[in-house]
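**Student:** Chains as they are written, first to last, in my numbering: chain D, 334 to 680; chain H, 2 to 340.
Even glycine gets a Cβ: it sits at the ideal position worked out from N, Cα and C.
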Amino acid sequence: MTDPATDDRTDNDGDAPTHDWSGSDADPAAGGGSGSDGDPATDGGTVTGGITSGHAWQRSPSALLGRPLVTAIFLSTFAFLVFPVVVTFVASFAREWTGVLPSGFVTFAHWEQVLGLASYEDAANYSLRLGEVLRALTENPLAAPGKSPLFRSMWLALGGVLVNLVVGVPIAYAVARYEFPGRDLLNAFAVLPLAPGIILGVAFLRAFPELSGTDFGLIVGYSLLKAPFMVMAVQSSFESMPLRQLEESARSLGASWPRTFLSVIVPNARRGIISGAIICWALAAAEFNFSYIVFSRGARPLALFLKANISNSSFLTTAAAVSVFFLLIAAVTAALQLLGNRAFTTG
Amino acid sequence: MAEITLDGVTKRFGETTAVDDVSLTVADGEILGVVGPSGCGKTTTLRTVAGFETPTEGAVCFDDEDVTRVPPERRNVGLVFQSYALFDNMTVRENVEFGPKMQGVSKRERVERAMDLLELLDIDELADRDPTTLSGGQQQRVGLARALAIEPRILLLDEPMTGLDAQLKTHLQQEMVGLLEDLDVTVLYVTHDQTEAMVMCDRIAVMNDGVVEQVGTPDAVYERPANDFVADFVGTSNRLAATASDGRLDFGHATTPAPNGDEGEVTVVVRPEAFEVGAGPFSATVSERFYLGEHVQTIAELPDGESVTLRIDPTEAPSPGEQVSLALDTDRVHVLPQS
């Protein structure tokens, strides 16, 4: 890397004091060459740091180490967390993974299996037939959920989110907007399901044995378990706006209460509602404990599927499922944010 | 446009009485200011007129129509809040269109109406902006345009200027007075800022503890306060105890002619500008001096230990510690009626 110091020194001369903050961590005199490994912006700082390095306060350990240290910790944590995800994603396209690295690229067999387009028996003699995959998807997208754990979990989680929207948003509104007897109780009740899914699952089975394993039972359970996240996200959104005045403005302008709620209050809380929906959906789709207790028939929910496959030979299918799940969360998040903002703009 | 009549309105929240037997009439096209310290019941009064509170007792009438039980959305009352409460899921123009839309006005007409109002308020170039990107003054205008778009019978303003900086406030006050007069709309203007109320309003109602203490024109309220509270709340006042007899006011350490034929123990309200430094019956010792530009606010102590506030021209202002002689312009003092 070329040292821009000589060029920049003259350019930046006059500005030097205003850039003290960036120069302090990359002082060439005191900090060795640490600054030269950074990006150009940091190098710019090296220059100004050199000029003002006479100040004693700049040599304090926190000033010298602060930024590089934080950056290093952040990057290593990030790498540590991202590495498994990347390897899993890459491996999901491999035929086998027996050694250190996966091998036998590229196959879509695991993905197809996860997406419910092939049975487990087919997987071994799988050959790439993307056209067929696409045709199956377009012809009968609803057939897929029946076979695929991933899709089943997605639909069930979506059902849970819908229930949460219908129940959670009004609860959040009531708690944020009104003072009423039992308000604290309702608030506590809304947050109570933060209790582990296993407890709720057992209680659920005892109370409604006939609902065990049905889609309805799982949806209700997911919505109940994830309700606190929806209520908390939406409530904080409501509490950050002049709720009563918004409502009263709309009413005075001739909007009935339901109209006010749907066309002013809910859209103004869209950020909380969207993030609540994303959190609920992602958590419900991956819920293990409750699914484990309550599930009895049909395609296994995603978490159970992953658990069943994690130790056996079809680990690569698990890899594909995890990959699909990650992609879906990313896609759903992006789509909800884009669409949500647009869908809410109509008065 | 309509006349508002509050007839013996009382509003209780559990044990507390927010508004206590308030009777008020706002004439057609009048701007009535409701002032008072926080918690005096002025906002509850406004919310009762808007329909968000139902009075525990009493009635609210618009002209001859009793609207006490009419829901807010059917009262045709425009509302502007301190927080503006703009709908940030809509553009500025959509905000203004919202009311007409609820009233079932056709798309073309309401766009036209919205643009006319935005033009009137000189913010037509902001029509397609997101309200969250506007400054406080701009949001305030949008809030006003939105309230006016329903062509309201009555306009209710709840501290609409609070939170704006002083200079913008002065500017907007003058602008809004002109606008409201042109629009010829009945206005109830709630504020804790009595100066603002004096600038903006035809008449002022001073409230305290849920009760209306006095209703009158700004000069009547300032010059002839009905009681101690009003004298204290509106403007700066010196309240001095005196004995009135035979057309004289005896302050103990000084006597002056009495403005009216009062007799007995009275409280005399003396505004700072009613005192004049120079030869006079009062002698006082200056204790503090605050330079305010156009005048010097001076605190002086009378022989009986009572402090008085004076308003003195900077060229004549005495320094702390100085002995001064004060004359009293008896045409500008007000003797409070015996309570």
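According to DSSP, which residues form a beta bridge with S326 (chain H)?
**Tutor:** H:S284
**Student:** Measuring only between beta-carbons, confirm whether M162 (chain H) sits less than 8 Å from chain D.
**Tutor:** no
**Student:** CB-CB under 8 Å to P56 (chain H), same chain, minus the five flanking residues each way: which ones, in chain order?
**Tutor:** V10, T11, K12, V20, T49 and T69
**Student:** May I have the straight-line CA-CA distance separating V665 (chain D) from I611 (chain D), to the nearest angstrom?
**Tutor:** So the alpha carbons of these two residues sit roughly 8 Å apart.
**Student:** Which residues bound the beta strand (DSSP E) around Y190 (chain H)?
**Tutor:** Per DSSP, Y190 (chain H) is one residue of the beta strand (DSSP E) stretching across T187 to T192.
**Student:** In the DSSP assignment, find the beta strand (DSSP E) that holds D251 (chain H) and state where it starts and stops.
**Tutor:** R249 to D251
**Student:** Just to confirm before moving on: does the CB-CB distance between T347 (chain H) and I151 (chain H) stay below 8 Å?
**Tutor:** Given a span of 2 to 340 for chain H in the structure shown, any question on residue 347 (chain H) remains unanswerable.
**Student:** In whole angstroms, what separates the C-alpha of R287 (chain D) from that of S395 (chain D)?
**Tutor:** Here chain D has residues from 334 to 680 only, and residue 287 (chain D) is not among them.
**Student:** Do you know how far the Cα of R333 (chain H) is from the Cα of K43 (chain H)?
**Tutor:** 30 Å
**Student:** What does V597 (chain D) touch in chain H if you count any residue whose Cβ is under 9 Å from its own?
**Tutor:** F88, N90, M91 and F99
**Student:** Excluding the five sequence neighbours on either side, which residues of its own chain have a C-beta within less than 8 Å of the C-beta of P634 (chain D), listed in chain order?
**Tutor:** P482, R485, S486, L489, L551, E620, S624 and F628
**Student:** To the nearest angstrom, report how far apart D8 (chain H) and F594 (chain D) are at their CA atoms.
**Tutor:** Distance between the alpha carbons of D8 (chain H) and F594 (chain D): 32 Å.
**Student:** Under a three-way DSSP split, which group does T11 (chain H) fall into?
**Tutor:** strand
**Student:** For Q578 (chain D), decide whether its Cβ has a neighbour in chain H, counting only Cβ atoms nearer than 8 Å.
**Tutor:** By this cut-off, Q578 (chain D) is an interface position.
**Student:** Taking one C-beta from the region 163-180 of chain H and one from the region 101-111 of chain H each time, how about it: are there three or more such pairs within less than 8 Å?
**Tutor:** no
**Student:** V336 (chain H) and V207 (chain H) - do their beta-carbons sit closer together than 8 Å?
**Tutor:** no
**Student:** Is the region 591-609 of chain D touching the region 519-529 of chain D, taking contact as three or more C-beta pairs under 8 Å?
**Tutor:** no
**Student:** Could you list the residues in the region 128-152 of chain H with a C-beta less than 9 Å from some C-beta on chain D, going in chain order?
**Tutor:** G144, R147, A148, A150 and I151
**Student:** Let me know if T46 (chain H) comes out buried or exposed under the rule of 16 or more other beta-carbons within 10 Å of its beta-carbon.
**Tutor:** Burial call: buried.
**Student:** Closest to A528 (chain D) by CA distance: which of D:T421, D:G493, D:G554 and D:F426 is it?
**Tutor:** D:G554
**Student:** Under 8 Å between beta-carbons, which chain C residues line up against G40 (chain H)? List them in chain order, please.
**Tutor:** Looking at the structure shown, chain C is missing, and the protein chains on hand are D and H.
**Student:** So, with DSSP's three-state summary, where would you put A227 (chain H)?
**Tutor:** coil
**Student:** Which residues, in order along the region 599-612 of chain D, keep a beta-carbon less than 8 Å from a beta-carbon of chain H?
**Tutor:** Along the region 599-612 of chain D, going in chain order, the ones with a CB nearer than 8 Å to a CB of chain H are P600, N601 and R603.
**Student:** Taking C-alpha atoms, which residue in H:R272, H:T256 and H:V235 lies nearest to A243 (chain H)?
**Tutor:** Considering only alpha carbons, the answer is H:T256.
**Student:** If we ignore side chains and look at the alpha-carbon of each, how far apart do P319 (chain H) and L165 (chain H) end up?
**Tutor:** C-alpha separation (whole angstroms): 35 Å.
**Student:** Candidates H:A245, H:T218 and H:T17: which alpha carbon is nearest N261 (chain H)'s?
**Tutor:** H:A245
**Student:** Does the distance from the CB of R94 (chain H) to the CB of D129 (chain H) come in under 8 Å?
**Tutor:** yes
**Student:** Which bits of chain H does A588 (chain D) rub up against, with CB to CB less than 8 Å?
**Tutor:** E74, F99 and M103
**Student:** Which stretch, first to last residue, makes up the alpha helix (DSSP H) that contains D29 (chain H)?
**Tutor:** Note, D29 (chain H): premise wrong, no alpha helix (DSSP H); not H, not E.
**Student:** Is there a Cβ of chain D sitting closer than 8 Å to that of S107 (chain H), yes or no?
**Tutor:** Chain D contact via Cβ: absent.
**Student:** Output the residue ranges of the alpha helix (DSSP H) runs that lie fully inside the region 576-654 of chain D and measure 4 residues or longer, sorted by chain position.
**Tutor:** Fully enclosed alpha helix (DSSP H) runs of 4 or longer: 576-585, 590-593, 603-618, 622-627 and 635-642.
**Student:** For the pair the region 512-520 of chain D and the region 538-549 of chain D, tell me if three or more CB-CB distances fall below 8 Å.
**Tutor:** no
**Student:** Do you know how far the Cα of V191 (chain H) is from the Cα of I32 (chain H)?
**Tutor:** 10 Å
**Student:** Could you tell me the distance, in whole angstroms, from the CA atom of T218 (chain H) to the CA atom of A51 (chain H)?
**Tutor:** 24 Å
**Student:** Any Cβ of chain H within less than 8 Å of the Cβ of R584 (chain D)?
**Tutor:** yes
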